[in-house]
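If you count the sequence shown from 1, position 31 lands on 32 in the numbering used here, and the numbers rise without skipping.
Beta carbons are placed, not taken as given, at the ideal position from N, Cα and C, and that holds for glycine.
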Amino acid sequence: MDVFMVYLFIATATPLFLWIEHRKWAVAHIPFVIALWGAFIYYVVVPELGGWGHVTLWSLLVANFAFAHLAAFYLYATPYLRKQREKRLIKS
């Protein structure tokens, strides 16, 4: 649960870091963060989650993880790859 809490705080701060340069990505990430907090509160309040509670919590975690990696690739790797492609085209 400690790792989940750390990830929850990092995921919560992510839209703040993206807000200035990539506002659309930050707004798209906010529902994931709200859902994660809702699942966490449900996990803390309800003594026994049951099968669907665990499936929901892990599904939200995996979805947020996938969104974070896709966003990181799009925001950081794509410009780098574009620069490398332009360098190759200029040299050719």
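Asked	Found
Burial state of H55, where buried means 16 or more other Cβ atoms lie within 10 Å	exposed
Distance cut-off 8 Å: V56 Cβ against heavy atoms of the ligand COA	Absence of the ligand COA from the depicted structure is noted, as is the absence of any ligand whatsoever, leaving it without description.
The segment 80-87 / the segment 20-37 touching (three or more Cβ pairs under 8 Å)	no
Rounded C-alpha distance that separates A12 from L19	11 Å
C-alpha distance - L50 paired with Y44, whole-angstrom precision	7 Å
Where H23 falls: helix, strand or coil (DSSP)	coil
Continuous alpha helix (DSSP H) stretch holding L58: start and end	51-73
Between the CA atoms of M6 and I42 - distance to the nearest angstrom	11 Å
Which of helix, strand or coil DSSP assigns to V99	No answer is possible for residue 99: the residues shown for the chain start at 2 and end at 93.
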